[in-house]
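Asker: Sharing a structure here in structure tokens format.
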Amino acid sequence: MHGRSTVSNYGSGYQPVCNRLISELQSENCSYFSFLKSVLSVLEHAVEATEKAQSIVGQSGRVGCRVDEQCLATAQVRLHRVFEEVSTAIQTATASENNEEEISLNFLKQTCNALIRQCFDALYHISNSRRRFNILAEHYTDAFSSISITVLVLVDAITLIRRAHTYVTTGNTVESTAITETRHRIARCMNAACYAIHAVPGSTIRSSVDASGGGCSAPEIREMTCYLLKEAALLSRLIHSREETVNRDCVSYAYFSLENVLRRLLRGLAPSCTDTRFFAAVSQAAMVRASEEYRCFIEGALPSDDDVIRQHNLSLMLLEASAMVYLVNASCAARVQIAGKPDRCACSVLETLDKVQQALSALKGRKKLCVAQSLGDANLCSFITGLVADARRLIENIDMSALPNPTLHGTLLNRTREILSAAGSLCIRLQCAGDPEYRIPEESGFDSNAWNIPSSHLAAISTILSAIFPNLSLRRS
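Positions 1053 to 1529 (the working numbering) are the ones given, in order, by the sequence shown.
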């Protein structure tokens, strides 16, 4: 096999540092000078990953590699230029021992915007390098891996520099609720598609690879797909309300380039079975929703209608839950087919899936939930509340040890239960908001921090891949 599983090393040797460093800077546990050194280290990782990808693509005899070497070279030049500017600032500060903090602070205040523009320009060229990329037709994963690492590090670098600049100029790094909720919704979209690709049979993927003239294995195809989805979620970290138009355009191009690659995958996968059609349906729904979120950001018009936002939040919760239960159900169904008879565990999982999909289908075609003004919406909310409550009870009564893969499937079902709990709580809030006589009952289990359940894309990928690919190392920032 041409494509050894180098993708499993995605992110190895690099831990995103933005949140930690910004926190240390705010608490004065990190000097401005030390902060600049950390920025330089992050940029060094990005330069090295780009150089590695460029070297791999430039090797002779690389059949079936659809990465543009010239675009990578241009990105490498941009990143190296940023690296040199930060390095020069550090050298200047070092040469003036008594003023190193002042010099570092002034650099962060005065130069960050120019550095960020160059980083965004590098992101554009990295994205452009994969404009012809076709997952099913690739023969190697190593160039893909290096490019994905570059995106991971570059997003961290841009976020780090942006937040530092905001902090030293305004004293604040708190982002609006609209932006953080937008990121949550985009993450849920990518989570759902990541789960769904693992329900596609290996035989279907292999036949599609053969038809496309590729050389990667089914596990490698799934991994590359999930890492593209991870990149799509990571790009949402670059969403800021006051971002310059040219930078917004770079984020837009980066996201829609990834979307084109994913759509190319969908067209190449033979719709030979229900599982493949499910992946296609989930992926299409996820991309449509995520595309709308990104377009709102690019246009500077994030959703403000609470009824619309609630409908989006609820539908994406149910989409993510549906994808997780479907993955477990696919494994249970395969076991039943081999055994020749259904078992209690499989029946419970199938019934859970039916409840979740009924709830999701009930929202189909609706643009917003306005419980306070529509009796139909109020009844719909009550209907969904009952369905998710039934699904939660079914999960709670499943013997996790009887699942085909108790560790993986148990984790997925427990995460599903958490999401359904949050979805039920949201419905109860909507019902209470629609009738001022209602009071939120204690037994509803409403958690005001429901949106902080661990549903980042990194957590989603780690859940599946850590079980399927034991050597994979993905750490939460």
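Quick reminder that beta carbons are idealized off the backbone N, C-alpha and C, glycines included.
Helix, strand or coil for residue 1269 per DSSP?
Answerer: The sequence position of residue 1269 within the sequence shown is 217, counting from 1. Note: residue 1269 maps to coil in three-state DSSP.
Asker: Skipping 5 residues on each side, what residues in its chain have a beta carbon closer than 7 Å to that of residue 1205?
Answerer: On the sequence shown, residue 1205 is found 153 positions in, with the first residue counted as 1. Cβ within range, chain order: 1066, 1094, 1097, 1098, 1101.
Asker: Go ahead and pull the three-state DSSP assignment for residue 1325.
Answerer: The sequence position of residue 1325 within the sequence shown is 273, counting from 1. Correct three-state label for residue 1325: coil.
Asker: What span of residues does the alpha helix (DSSP H) with residue 1307 cover, start to end?
Answerer: As a working mapping, residue 1307 is identified with position 255 in the sequence shown. Its alpha helix (DSSP H) spans residues 1297-1320.
Asker: Please state whether DSSP places residue 1507 in a helix, a strand or coil.
Answerer: As a first step, residue 1507 is located in the sequence shown; it is residue number 455 there, counting from the start. Only weak support exists for where residue 1507 lies, its pLDDT of 40 falling under 50; the value from the coordinates is given anyway. DSSP places residue 1507 in coil when its eight states are reduced to three.
Asker: Using alpha carbons as the reference points, say which of 1457, 1460, 1397, 1374 lies closest to residue 1471.
Answerer: As a first step, residue 1471 is located in the sequence shown; it is residue number 419 there, counting from the start. For residue 1471, the nearest C-alpha among the options comes from 1374.
Asker: Report the option in 1342, 1247, 1434, 1153 whose CA atom is closest to the CA atom of residue 1461.
Answerer: For this step, residue 1461 is matched to residue 409 along the sequence shown. Checking every option, the nearest Cα to that of residue 1461 belongs to 1247.
Asker: If you reduce the DSSP assignment to three classes, tell me which class residue 1190 lands in.
Answerer: The count along the sequence shown starts at 1 and reaches residue 1190 at position 138. Looking at residue 1190 - three-state DSSP - the assignment turns out to be coil, as it is neither helix nor strand.
Asker: Starting from the Cα of residue 1214, find the closest Cα among 1334, 1160, 1076 and give me that residue.
Answerer: Position 162 of the sequence shown, counted from the start, is the residue given in the question as residue 1214. The residue with the shortest Cα to Cα distance from residue 1214 is 1160.
Asker: Taking the straight line between their C-alpha atoms, what separation do you get for residue 1328 and residue 1258?
Answerer: Taking the first residue of the sequence shown as 1, we reach residue 1328 at position 276. Taking the first residue of the sequence shown as 1, we reach residue 1258 at position 206. Distance between the alpha carbons of residue 1328 and residue 1258 is about 13 Å.
Asker: Closest to residue 1211 by C-alpha separation, out of 1277, 1407, 1175, would be which residue?
Answerer: On the sequence shown, position 159 is the one that residue 1211 refers to. With distances taken between Cα atoms, residue 1211 lies closest to 1175.
Asker: For the 8 Å Cβ check, are there 3 or more pairs between the stretch 1137-1145 and the stretch 1182-1196?
Answerer: Because the criterion of three Cβ pairs below 8 Å is not met, the stretch 1137-1145 and the stretch 1182-1196 do not touch.
Asker: Quick one: what does DSSP say residue 1246 is sitting in, helix, strand or coil?
Answerer: Within the sequence shown, the letter at position 194 stands for residue 1246. Helix at residue 1246.
Asker: Compute the distance between the beta-carbons of residue 1340 and residue 1377, then report whether it is under 8 Å.
Answerer: One-based indexing of the sequence shown puts residue 1340 at position 288. One-based indexing of the sequence shown puts residue 1377 at position 325. The answer is no: Cβ separation not under 8 Å.
Asker: Specify, as a first and last residue, the run of the alpha helix (DSSP H) that residue 1226 falls within.
Answerer: Taking the first residue of the sequence shown as 1, we reach residue 1226 at position 174. Counting along the chain, residue 1226 falls outside any alpha helix (DSSP H), and DSSP gives it neither H nor E.
Asker: Just checking my contact of residue 1283 with residue 1310 at CB under 8 Å: how many whole Å lie between their CB atoms?
Answerer: Locating residue 1283 in the sequence shown gives position 231, counting from the first residue. Locating residue 1310 in the sequence shown gives position 258, counting from the first residue. Indeed, because the Cβ distance is near 6 Å, the residues count as touching under 8 Å.
Asker: Just confirm the distance between the C-beta atoms of residue 1173 and residue 1302, as a whole number of angstroms; I'd bet it's less than 8 Å.
Answerer: Sequence index remark: in the sequence shown, residue 1173 carries index 121 (1-based). Sequence index remark: in the sequence shown, residue 1302 carries index 250 (1-based). Yes, residue 1173 and residue 1302 are in contact; Cβ-Cβ is about 7 Å, under 8 Å.
Asker: Tell me whether residue 1467 is buried or exposed, calling it buried when 16 or more other Cβ atoms sit within 10 Å of its Cβ.
Answerer: Numbered from its first residue, the sequence shown carries residue 1467 at position 415. Residue 1467 comes out buried.
Asker: Assign residue 1127 to buried or exposed, taking buried as 16 or more other Cβ atoms, counted over all protein chains shown, within 10 Å of its Cβ.
Answerer: Position 75 of the sequence shown, counting from 1, holds the residue named residue 1127. Label assigned to residue 1127: buried.
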